[in-house]
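The structure under discussion appears below in the form of structure tokens.
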Amino acid sequence: MRSHGVSDFPDPTLGSNGLPSWSGVSNQAPAYVAAHQVCKKDLPGLGPQTSAEKATANAAALRYAKCMRSNGVPTFPDPNGQGLIQVNATGTLEPTSPQFLKAETACKGLENGFAQQTSVATAGASAPGAARGGS
148 MRSHGVSDFP DPTLGSNGLP SWSGVSNQAP AYVAAHQVCK KDLPGLGPQT
198 SAEKATANAA ALRYAKCMRS NGVPTFPDPN GQGLIQVNAT GTLEPTSPQF
248 LKAETACKGL ENGFAQQTSV ATAGASAPGA ARGGS
């Protein structure tokens, strides 16, 4: 983005949903629109985009959440409707606890992209809003 006319484009930060966020960007500015057209091919897959993709991701995340609850993490939350699970939104989960890790191992077969978010979720797990996403 910077090399295509948006010289002040910020580095990403961890958003409240556990995904990269670029704050302070005016996505309506002509320079941004032009640079985005050139650079969008370089964006990482940040989760489902269409309604159908979100529904599919949410169904997979719900199966995962139910599995985690049935394997010893009774407070594991449901997904947010877009395939993301706020792992520690309430501050009551401990993603590094033996109980959580055991449930995570038991549910590995239902894992649908959540492992790709594990480092993001675990890194932010002590802060409310850490998320895991399915794709």
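Note that our numbering has the sequence shown beginning at 148, numbered continuously upward.
For each residue, glycine too, the CB sits at the ideal point set by N, CA and C.
If you follow the beta strand (DSSP E) that residue i is part of, which residue opens it and which one closes it?
{"i": "Q126", "result": "Within the shown structure, residues of the chain are numbered from 148 to 282, placing residue 126 beyond reach of any answer."}
In three-state DSSP terms, what is residue i?
{"i": "S168", "result": "strand"}
{"i": "T252", "result": "helix"}
{"i": "A272", "result": "Per-residue confidence for A272 stands at a pLDDT of 37, beneath the threshold of 50, marking its modelled position as unreliable; the derived number appears in the next sentence. Note: A272 maps to coil in three-state DSSP."}
{"i": "V220", "result": "coil"}
{"i": "D225", "result": "coil"}
{"i": "S150", "result": "helix"}
{"i": "P242", "result": "coil"}
{"i": "D155", "result": "coil"}
{"i": "L190", "result": "coil"}
Determine the extent of the alpha helix (DSSP H) in which residue i is found, giving its start and end residues.
{"i": "E200", "result": "S198 to S217"}
{"i": "V180", "result": "P177 to C186"}
Using a threshold of 8 Å, state whether the C-beta atoms of residue i and residue j are closer than that.
{"i": "M148", "j": "A204", "result": "no"}
{"i": "L240", "j": "Y211", "result": "no"}
{"i": "A199", "j": "G219", "result": "no"}
{"i": "P159", "j": "G171", "result": "no"}
{"i": "L209", "j": "D225", "result": "yes"}
{"i": "M215", "j": "C254", "result": "yes"}
{"i": "V234", "j": "P242", "result": "yes"}
Look up residue i in the DSSP assignment and give the residues it is bridged to.
{"i": "T160", "result": "S168"}
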